[in-house]
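The structure appears below as C-alpha cells.
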Amino acid sequence: MATVISVHSFRGGTGKSNTAANLAVLFARQGKRVALIDTDIPSPGVHVLFGLNPGTVRRTLNDYLWGECPIRDAAQEITGLFEGAPSAGRLHLVSSSVNAADIARMLRDGYDINLLGEGYRQLAVDLNLDILLVDTHPGINEETLLSIALSNFLLVVMRPDHQDYQGTALTVDVARELEVPHMAILVNKAPLSLDPERIRQTVETTYKCPVAAVIPHSDDLMTLASQGVFVAKYPQHPITRQLEKVAALLLESEEA
Amino acid sequence: MRIARFDAASLRFSLIVACIYGIANVLSGNAYLPGCTFAELRPQVVLPMFVGVLYGPFAGFISGALGDMLGYAISGKGFLFAPIWSLANGLMGAIPGFATAWHVTPIARMRSFVKLQVLLMLASSAPFAIATGYEAATGAAPPAVALFHLFLPIFITDLLWAFLLIPPLLYARRLLRVDIEIRTLLAIHYLLLFTVIATWLGGVLVSSDNNFSIVKLYLLGCVTVLILVVGLAFSLLLSRQITAPVMSLAELARRARDGQYPEAAEFNPLAGRSDEFGLLSGLFRDMMDAVRTRELVLRKKIDDLTIIIDQSKHQADLARITSADHFKDLKAKARALRQGLEQPAKTEKAPT
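Printed below as a string of C-alpha cells:
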C-alpha cells in the first residue's frame, strides 16, 4: 500500500522542492520506502538538493513519458548518496531531465497525461513503496491536477505574501473538488516580524484547512539554499524539528 | 501667594525654638567678635530662619522676635529691653518664611538653591539695616559706629552662619535633594565659604594682635562677602555647564519613554562631545536606536496577517478549471485512481 503525497504550491519560489526533499529524507529515516518524483518538468531541480549532477542521472521521467524506458529505470536509489542520508528505509529519486532540448521537446510535444498516473502506480509496485512523494510544477495545469487527484495527502506550500493568497485558495478548492482525502497548508519563509501562531490562525480561518507548520524565514536555510537537504545538514535545528512534526502529521494520514 | 499654613503645630514648634533661641542668646552673650559687643558669635540665628523656611513667615517671626525678647528677659534686662532689635530678629525669621511662596523648597534645582541664598542674604541684611538705621536716626549711635560696629558685624556673621548651617538643616528635613547639580553647587558653596571664613578669621586674629582697624576688618569682611557672592555666581555657571548636557539627554530619554523616539541626529550635538557625556550620549543614541528597532519588530509581530481573497475572481478561476472536460473526467476517476495506488498489490504483482 503506497501513500501518494503531493507537495504543491501555486507560485514558484515558495520552497516547495526543498520541503519535498526534506520530507523524503525524514520519511526514509523512519524506515519507510520512499520515492520522490520531480514532476516539475519545465524547471526540475530536486536532484541538485541531493548533490546529483545531471551526468549521474541516466534515465529521467522524460524518458519514461516518451515510452523510452520503464519508470523504475528512471528511479535512482540515493539512500546512501548524500551527506546525512538515512540509514534505515529506502530513498529513490525520479528526476526530470535538465537537458534544454528535452525540456523544449516536452513543452512542444507534451505527453500522454495518463502515463504519468500509470507511472506512479507502477513505481509504487516496482519499488514496493510506502510513500510516493510528488514534487509538482507550480500552478494548476493538467499534470498538477492529476498529481493532486492521485494524492492521499496534498501539502500546499505558501508564503505569507499577498501574491500567494489567491492561488492558494484556488489550489485548496480544486483539491476539495477532487475530494483529496487529506490536505494541509505549510506556511514557508514566514517573516520573523509576524507571530507564527497568528499566521497559523489566520491561514486556517481563511482557507478552512489545517496548517501543518509555519516555518520561519531562516538564514541557515537561505545559506544552504539548494546545496543540500536541510534536515540532513542540521539535524538539531528548530526548523528540522518542525519539519519532523510535518512528516509525522503526513504519516498519520498514511496509517489512518 | 501660597505660604506655609500657620497652625497649632507650627505655633508650638516656633515657641519651642523661641525658647531655645533665647537661651542660646544668653549663653553666647560673652562670645563677641572684636569691635562689636552687640553682635555675638551666634550660630543660633539660623534657628528662626529655619523655622521660617519650614513653617512660614509667622512662625519665623515668632521664634525670632520672641526668642530675642526671651533672651533679654532671662538675662534680667526685661522683655522689651531692645524692641527694635527684637523686631529685626523677628523679620530675620520671617523673610526665609517666603521660601514656600517663592517655590524654594524642596530644593531640587539650581534655581531654588539660588533663591534660598537670596532669601538668606536678605534675612541677614534688611532687618538689621532697619534696626541700625533706627539707632543712627535716633542718635543712639553715630552713623560710622552704626555701620562698622553694628550692621556689618551682624550682617556678615549672620550670613556666614546661614550659608553654613541652613543647607544641612534642610537636608536633614529632606527639603534638599542632592542631585548632581545641587551637589556641584554645594561643593563650590562650601569651598568658597570655608575659604572666605578662614581668610576673614585670619583678619580677625591680626586685628586683635595689632590694634588693626575695626573699619578695615569689616571692610575686609565686605570684600569676603563680595567674593562669596561672585564666586557663587560663577559656580552657578559652572554647575549649569555640567548639568545642561545631562538635562538635554534626560529630555531626549523622556521623549523616548513616552514613545516619541528622538532622531539619531538630535543626539549629535551631545554625542559629538569629546568628554564622558559624549560617550554616554553616543551610547544612548545607539541604545535608543536598538530599542526602537526591536519595538518595531515586536509591533509588527502583533500585527495581524491579513489575507484578502478576491472572491469573484476566485469563483471565476475555479469555474474555469472545474468546467473543463479533462477536469470532469479526472474528478470522475480520481477516487478509483487513488484506490488503485493504495492497493497496487491487488492489481499487479510486486516484483520479487
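Each protein sequence line maps, in turn, to chains A and B.
So for the first sequence, our numbering puts the first residue at 1213; every next one is plus one.
So for the second sequence, our numbering puts the first residue at 42; every next one is plus one.
Heads up, the beta-carbon is just placed ideally off N, CA and C, and yes, glycines get one too.
Near residue i, which residues of its chain fall below 7 Å by C-beta distance, leaving aside the five closest residues on each side in sequence?
{"i": "Pro137(B)", "result": "Met90, Gly93, Val94, Gly101, Leu160, Leu161 and Ala164"}
{"i": "Phe192(B)", "result": "Phe169, Ala170 and Thr173"}
{"i": "Ser104(B)", "result": "Ser55, Val58, Ala59, Tyr62, Leu88, Pro89, Val92 and Gly134"}
{"i": "His1234(A)", "result": "The displayed chain sequence assigns Asn, not His, to residue 1234(A). For Asn1234(A), where only same-chain residues beyond five positions count, the Cβ hits under 7 Å are Val1441, Phe1442, Val1443 and Leu1455."}
{"i": "Ser4(B)", "result": "The structure shown has nothing for residue 4(B), since chain B only spans 42 to 393."}
{"i": "Gly1331(A)", "result": "Tyr1276 and Ile1283"}
{"i": "Arg1223(A)", "result": "Pro1350, Gln1375, Asp1376 and Gly1379"}
{"i": "Phe154(B)", "result": "Ile148, Ile223 and Leu226"}
{"i": "Val1415(A)", "result": "Ile1397, Val1399 and Val1423"}
Ordered along the chain, which non-local residues of its own chain (more than five positions away) have a Cβ less than 6 Å from that of residue i?
{"i": "Cys1281(A)", "result": "Arg1271 and Asp1275"}
{"i": "Thr1215(A)", "result": "Ile1343, Asn1364 and Glu1466"}
{"i": "Gly244(B)", "result": "Leu258 and Leu261"}
{"i": "Gln1288(A)", "result": "Leu1305"}
{"i": "Ala187(B)", "result": "Thr173, Glu176 and Ala177"}
{"i": "Ser51(B)", "result": "Tyr96 and Ala100"}
{"i": "Pro286(B)", "result": "Leu311 and Phe318"}
{"i": "Leu88(B)", "result": "Val58 and Tyr62"}
{"i": "Asp1285(A)", "result": "Arg1271"}
{"i": "Leu1277(A)", "result": "Tyr1323 and Leu1327"}
{"i": "Gly108(B)", "result": "Ala59, Tyr62 and Gly63"}
{"i": "Arg1302(A)", "result": "Arg1245 and Thr1291"}
{"i": "Leu1191(A)", "result": "The structure shown has nothing for residue 1191(A), since chain A only spans 1213 to 1468."}
{"i": "Leu210(B)", "result": "Phe91"}
Exposed or buried, which one is residue i when buried takes at least 16 other CB atoms within 10 Å?
{"i": "Pro1450(A)", "result": "exposed"}
{"i": "Gly134(B)", "result": "buried"}
{"i": "Phe120(B)", "result": "exposed"}
{"i": "His230(B)", "result": "buried"}
{"i": "Ala386(B)", "result": "Residue confidence is low: Ala386(B) scores 47 on pLDDT, short of 50, so the model does not pin down where it sits. No coordinate-derived value is stated."}
{"i": "Pro392(B)", "result": "Any reading at Pro392(B) needs caution, since the residue's pLDDT is 44, under 50, leaving its predicted position unreliable; the model's value is listed next. So Pro392(B) ends up on the exposed side."}
{"i": "Ala140(B)", "result": "buried"}
{"i": "Asn1265(A)", "result": "exposed"}
{"i": "Lys1228(A)", "result": "buried"}
{"i": "Thr1452(A)", "result": "buried"}
{"i": "Cys263(B)", "result": "exposed"}
{"i": "Gly117(B)", "result": "exposed"}
{"i": "Asn1326(A)", "result": "exposed"}
{"i": "Thr179(B)", "result": "exposed"}
{"i": "Asp1321(A)", "result": "exposed"}
For residue i, go through chain B and note every residue whose CB falls closer than 8 Å to its CB, in chain order.
{"i": "Asp1385(A)", "result": "His355 and Leu359"}
{"i": "Thr1418(A)", "result": "Ile348 and Ile350"}
{"i": "Ala1444(A)", "result": "What Ala1444(A) touches in chain B: nothing, since even the nearest Cβ is about 28 Å away."}
{"i": "Leu1357(A)", "result": "Ile362, His367, Phe368 and Leu371"}
Can you pull the chain A neighbours of residue i, defined as C-beta to C-beta under 7 Å?
{"i": "Thr334(B)", "result": "Under the 7 Å cutoff, chain A gives no residues; its nearest Cβ is about 11 Å from Thr334(B)."}
{"i": "Ala375(B)", "result": "Ala1361, Leu1390 and Glu1391"}
{"i": "Arg379(B)", "result": "Leu1362 and Asn1364"}
{"i": "Lys156(B)", "result": "Result: empty, since nearest Cβ-Cβ is about 53 Å, beyond 7 Å."}
{"i": "Leu382(B)", "result": "Ala1214, Val1216, Tyr1332, Arg1333, Ala1336 and Leu1362"}
Can you find the residues in the same chain that come closer than 8 Å, C-beta to C-beta, to residue i, ignoring five residues on each side of it along the sequence?
{"i": "Glu389(B)", "result": "Confidence is the limiting factor: at Glu389(B) the pLDDT is only 44, short of 50, which leaves the residue's position unreliable and the question unanswerable from this model."}
{"i": "Ser322(B)", "result": "Pro286, Leu290, Phe308, Leu311, Ala312 and Arg314"}
Residues of chain B with CB under 9 Å from residue i, in chain order?
{"i": "Arg1271(A)", "result": "Correct list: empty, because the minimum Cβ distance to chain B is about 17 Å."}
{"i": "Ala1372(A)", "result": "Here residue 1372(A) is Pro; the residue named in the question, Ala, does not match the sequence. Going along chain B in sequence order, the residues near Pro1372(A) (Cβ under 9 Å) are Leu346 and Ile348."}
Would you mind telling me which residues of chain B sit closer than 7 Å to residue i, beta carbon to beta carbon, in chain order?
{"i": "Glu1556(A)", "result": "A query on residue 1556(A) cannot be resolved here, the shown segment of chain A reaching from 1213 to 1468 and no further."}
{"i": "Ser1218(A)", "result": "Going along chain B, no residue has its Cβ under 7 Å from Ser1218(A), so there is no contact; the nearest lies around 11 Å."}
{"i": "Ser1309(A)", "result": "In chain order: nothing, as chain B lies at least about 24 Å away."}
{"i": "Ala1381(A)", "result": "Ile350 and His355"}
Chain A partners of residue i, CB-CB under 8 Å?
{"i": "Arg46(B)", "result": "The premise fails here: Arg46(B) is roughly 57 Å from chain A at the closest Cβ pair, so nothing lies under 8 Å."}
{"i": "Asp351(B)", "result": "Gln1378"}
### Touch test, the stretch 1402-1410 of chain A against the stretch 1255-1265 of chain A, Cβ-Cβ under 8 Å, three pairs minimum
no
### Query
Is the stretch 167-176 of chain B touching the stretch 220-239 of chain B, taking contact as three or more C-beta pairs under 8 Å?
Counting Cβ pairs under 8 Å, fewer than three are found: no touch.
### Query
Do the stretch 1349-1357 of chain A and the stretch 309-322 of chain B meet, that is, are 3 or more Cβ pairs less than 8 Å apart?
no
### Message
If contact is defined by three or more beta carbon pairs under 8 Å, each pair taking one atom from either stretch, is the stretch 1420-1438 of chain A in contact with the stretch 354-374 of chain B?
### Response
no
### Task
Say whether the stretch 60-70 of chain B touches the stretch 111-131 of chain B, bearing in mind that this needs 3 or more beta-carbon pairs closer than 8 Å, one atom from each stretch.
yes
### Query
Residues in the stretch 1317-1347 of chain A with C-beta within 9 Å of chain B's C-beta atoms, listed in sequence order?
Ile1325, Gly1329, Tyr1332, Arg1333, Gln1334, Ala1336, Val1337, Asp1338, Leu1339, Asn1340, Leu1341 and Leu1344
#### Entry: chain A contacts made by the stretch 215-239 of chain B, where a contact means CB separation under 9 Å
none
### Query
Is it true that the stretch 216-223 of chain B meets the stretch 265-285 of chain B, where meeting means three or more beta-carbon pairs spaced less than 8 Å apart?
Cβ pair count under 8 Å is three or more, so yes.
### Query
Three or more beta-carbon pairs under 8 Å between the stretch 1240-1256 of chain A and the stretch 1308-1328 of chain A, yes or no?
yes
### Query
Is the stretch 1389-1397 of chain A in contact with the stretch 1365-1379 of chain A, if contact means three or more CB pairs nearer than 8 Å?
At 8 Å Cβ cutoff, the stretches touch.
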